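*Asks:* Numbering (the numbering used here), first residue to last: 13 to 291.
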Amino acid sequence: MIVVIGATGNVGRELVQLLAEAGEEVVAVSRHPGAPVTSSKVRPVQGDVSAPETLVPHLRGAAGVFLLVPGGGMGLDARALRTVFEAAGVTRLVVLSSLAVGTRPSAPSHAPLRDLEAVFRASSLRCTFLRPGGFASNALAWVGSVRTERGIAAPFADVALPVVDPADIAAVAARVLLEEGHAGKVYELTGPVAISPRQQAAVISEALGAPLRFMEWSREEALAMMRRFMPEPVAEGTLDILGTPTDDERRISPDVERVLGRPANPFSAWVGRNVAAFR
Ligand SMILES: NC(=O)c1ccc[n+]([C@@H]2O[C@H](COP(=O)([O-])OP(=O)(O)OC[C@H]3O[C@@H](n4cnc5c(N)ncnc54)[C@H](OP(=O)(O)O)[C@@H]3O)[C@@H](O)[C@H]2O)c1
């Protein structure tokens with residue numbers, strides 16, 4: 013049995029489906045559980061990472077755990093989580109971390125995630141850390157304005173980064189949970205090509221068959237919007253990456269292809285599967 017924490021999210025949903033298709037029993041954890049996929053293999057349950065004791069009943073008999081770290085790890089007690097996983101006899105743990113843990117070693121925005129990685133690296137668990145760059149699914153933030161105004165607003169319109177399809181992250185997580193040989197590894201997960209917000213808007217426009225207006229936001233405008241759904245230091249750190257990426261943040265990582273044996277999905281593949289959301 014495998015426990016997926018964050019099971020109803022962009023990555024979790026895909027992961028639950030892949031594991032169920034592979035014949036695994038899956039316990040699908042989130043705070044507001046719904047059925048991420050309809051399968052007799054999947055049991056949706058309620059649990060909260062920020063209250064590790066709520067996970068205890070769900071971990072009994074778990075061979076592996078996928079851990080989504082909400083809010084950049086701010087306010088999470090990584091040691092208490094480790095204790096709960098170790099006490100349950102979990103052996104294999106996949107942590108959904110972030111590329112910035114490696115590329116921004118002193119950024120306050122990613123300090124909690126850095127510390128969390130260190131806590132688990134020092135544990136008895138066989139850990140694998142997935143460090144993705146920006147997600148293709150961040151484009152879902154544009155759904156409302158595309159639907160109502162046929163427009164997209166974003167900062168740093170022409171700064172291109174290799175956004176990653178959450179389905180690729182899930183596929184890598186599934187391999188790590190189901191196969192031997194990934195313990196102790198850090199996988200940097202990106203898409204196959206760098207793409208700017210303006211170019212992403214053009215891909216969505218083409219998929220819709222409708223023109224979209226593009227408006228470039230200032231950093232301040234973007235910060236005001238992002239603060240509504242993420243802690244301010246995380247928003248600031250994210251804007252640093254989006255506006256002034258380092259060479260390592262622009263780099264196309266080979267890790268998706270190394271693990272999956274096929275190239276990473278381009279942004280257009282994610283749009284192809286999700287275009288209905290923008291209609
Ligand atoms: N977006 C990016 O560009 C990016 C880049 C690098 C890394 N990341 C990492 O990826 C994560 C986002 O992944 P995603 O897009 O799959 O997430 P998502 O679509 O926002 O979904 C989050 C999932 O986690 C659950 N969840 C949230 N808080 C929880 C809690 N306290 N306890 C248990 N479950 C909780 C949510 O369900 P409930 O709300 O019902 O609990 C949902 O199932 C971020 O947290 C970050 O760590 C993201």
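Using N, Cα and C, we set each Cβ at its ideal position, and we do this for glycine too. As the structure is a prediction and not an experimental result, all values here were calculated from the model.
#1: Return the first residue and the last residue of the beta strand (DSSP E) that residue 42 is part of.
#2: Do residue 152 and residue 288 count as a contact pair if the criterion is CB distance below 8 Å?
#3: Run through the stretch 65-104 for me and flag every whole alpha helix (DSSP H) of 4 or more residues, listed as ranges in chain order.
#4: Confirm, please, whether the CB-CB distance from residue 108 to residue 97 is below 8 Å.
#5: Please report how far the alpha carbon of residue 276 lies from the alpha carbon of residue 186, in whole angstroms.
#6: Can you tell me whether residue 68 is buried or exposed? The criterion is at least 16 other CB atoms within 10 Å of its CB, across all chains shown.
#7: Does residue 274 pass the burial test, meaning 16 or more other C-beta atoms within 10 Å, or should it be called exposed?
#8: Buried or exposed: which applies to residue 29, given that a residue is buried once 16 or more other Cβ atoms fall within 10 Å of its Cβ?
#9: Can you list, in chain order, the residues of its chain with a C-beta nearer than 7 Å to that of residue 206? Leave out the 5 residues immediately preceding and following it.
#10: Just the C-alpha distance for residue 74 and residue 102, rounded to the nearest angstrom, thanks.
#11: Between residue 168 and residue 255, is the Cβ-Cβ spacing less than 8 Å?
#12: Taking 8 Å as the cut-off, does the stretch 78-98 touch the stretch 118-134 (at least 3 CB pairs, one atom from each stretch)?
#13: According to the Cβ coordinates, are residue 143 and residue 199 closer than 8 Å?
#14: Hey, how far is the Cα of residue 50 from the Cα of residue 119?
#15: If you measure between the beta carbons of residue 38 and residue 14, is that distance less than 8 Å?
#16: So does the stretch 222-241 actually touch the stretch 157-165, counting three or more Cβ pairs closer than 8 Å?
#17: Should residue 243 be counted as a contact of ligand 1 given a C-beta to heavy atom distance under 7 Å?
#18: What residues match up with residue 200 in a beta bridge as DSSP calls it?
#19: Measure the C-alpha to C-alpha separation of residue 154 and residue 99 and round it to an integer number of angstroms.
#20: What does residue 264 pair with, by DSSP beta-bridge criteria?
#21: Mark residue 94 as exposed unless 16 or more other C-beta atoms lie within 10 angstroms of its C-beta, in which case mark it buried.
#22: Given 7 Å as the limit, tell me if residue 22 has its C-beta closer than that to any heavy atom belonging to ligand 1.
#23: With a threshold of 7 Å (Cβ to nearest heavy atom), would residue 87 be considered close to ligand 1?
#24: Buried or exposed: where does residue 21 fall if 16 or more other Cβ atoms within 10 Å of its Cβ makes it buried?
#25: Looking at residue 131 and ligand 1, is the gap between the Cβ and the nearest heavy atom below 7 Å?
#26: Answer yes or no: the CB of residue 107 versus the heavy atoms of ligand 1, is any distance below 7 Å?
#27: For residue 60, which residues of its own chain have a beta-carbon under 7 Å away from its beta-carbon, when the five flanking residues on both sides are left out?
#28: Secondary structure at residue 192, three-state DSSP: helix, strand or coil?
*Replies:* This is what the structure holds:
#1: Element bounds for residue 42: 38-42.
#2: no
#3: Correct list: 68-71, 90-99.
#4: Their beta carbons are not under 8 Å apart, which means residue 97 does not touch residue 108 by this criterion.
#5: So the two alpha carbons sit approximately 15 Å from each other.
#6: exposed
#7: exposed
#8: buried
#9: 172, 173, 174, 262
#10: 6 Å
#11: yes
#12: They touch, by the three-pair rule.
#13: yes
#14: One C-alpha to the other measures close to 41 Å.
#15: In this structure, residue 14 lies closer than 8 Å to residue 38 by Cβ.
#16: They touch, by the three-pair rule.
#17: no
#18: 143
#19: 42 Å
#20: According to DSSP, residue 264 shares a beta bridge with no other residue.
#21: buried
#22: yes
#23: no
#24: buried
#25: no
#26: Flag unset: Cβ of residue 107 not near ligand 1.
#27: Residues 43, 66 of the same chain have their beta carbon placed closer than 7 Å to that of residue 60, with the five preceding and five following residues left out of the count.
#28: coil
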